[in-house]
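Novice:
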Amino acid sequence: MKTSPLYRLGALVLLGVLFTSPRAPAGTTGSLTGTVLDAAKKSPIAGATVIAASPSQVARVTTDSAGRFTFLSLAPDTYTVSAQREGYESLSIAGISVLADQSQVIPIALQPSLK
Numbered sequence: 136m137k138t139s140p141l142y143r144l145g146a147l148v149l150l151g152v153l154f155t156s157p158r159a160p161a162g163t164t165g166s167l168t169g170t171v172l173d174a175a176k177k178s179p180i181a182g183a184t185v186i187a188a189s190p191s192q193v194a195r196v197t198t199d200s201a202g203r204f205t206f207l208s209l210a211p212d213t214y215t216v217s218a219q220r221e222g223y224e225s226l227s228i229a230g231i232s233v234l235a236d237q238s239q240v241i242p243i244a245l246q247p248s249l250k
């Protein structure tokens, strides 16, 4: 029995639809990264606490030995980013917008404490 070309074409289209992987959904979170530096010496501050706070969530991280920090999977929102470390004045930066599928870089310079 011979199959028609139209039947074969239909079968190929059906197989293509069945075995094509679905597209990945668009991301729903964004990220913040940055470095905390000593404002006077321009050197990295390790062990600083960095907090990203918004009405939808609060996240906290500690800087690494190079003063770097990263917040992954933040809900899109407007955040206030705060940094603190013993021996330095605390600093808050308001109005940081986090958008889905985007990463913001936030440089932070802490002033040495006069105490």
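Each residue of the sequence shown is one higher than the one before, counting from 136 in the numbering used here.
Glycine included, each C-beta is placed from N, C-alpha and C at the ideal position.
Being a predicted model, the structure only gives us computed values, none of them experimental.
1) Pull up the distance between the alpha-carbon of K176 and that of S248, whole angstroms please.
2) Opposite I243 in the DSSP bridges: which residues?
3) For the putative contact between L245 and I180, defined by C-beta atoms under 8 Å, what is the C-beta separation to the nearest angstrom?
4) Is DSSP giving D236 helix, strand or coil here?
5) I'd like to check one pair, A194 with F206: are the Cβ atoms closer than 8 Å?
6) According to the neighbour-count rule (16 or more other Cβ atoms, all chains shown, within 10 Å of its Cβ), is A183 buried or exposed?
7) Taking S191 as the reference, give the member of E224, S225, E221 and T164 with the closest Cα.
8) Please go through the same chain and pick out, in chain order, the residues whose beta-carbon is closer than 7 Å to the beta-carbon of G230, but skip the five residues on each side of it.
9) With burial defined as no fewer than 16 other Cβ atoms inside 10 Å of the residue's Cβ, what is the status of G202: buried or exposed?
Specialist: A quick look at the data gives this:
1) Here residue 176 is taken as the residue at index 41 of the sequence shown, counted from 1. Here residue 248 is taken as the residue at index 113 of the sequence shown, counted from 1. Each residue's alpha carbon lies about 13 Å from the other.
2) Sequence index remark: in the sequence shown, residue 243 carries index 108 (1-based). According to DSSP, which records beta bridges pairwise, I243 is partnered with V171.
3) Along the sequence shown, read from residue 1 onward, the residue named residue 245 stands at position 110. Along the sequence shown, read from residue 1 onward, the residue named residue 180 stands at position 45. Indeed, because the Cβ distance is near 6 Å, the residues count as touching under 8 Å.
4) By 1-based counting over the sequence shown, the position of residue 236 is 101. Here D236 sits in coil by DSSP.
5) As a position in the sequence shown, residue 206 is number 71, starting the count at 1. As a position in the sequence shown, residue 194 is number 59, starting the count at 1. Result yes, Cβ atoms of F206 and A194 sit closer than 8 Å.
6) Stepping through the sequence shown from its first residue, residue 183 is reached at position 48. With 16 or more other Cβ atoms within 10 Å, it is buried.
7) Residue 191 sits at position 56 when you count from the first residue of the sequence shown. Looking at the Cα atoms, T164 is the closest of the given residues.
8) To locate residue 230, count along the sequence shown from 1; it is residue 95. The residues are T213.
9) Along the sequence shown, read from residue 1 onward, the residue named residue 202 stands at position 67. Around the C-beta of G202, 16 or more other C-beta atoms lie within 10 Å, and the residue is accordingly described as buried.
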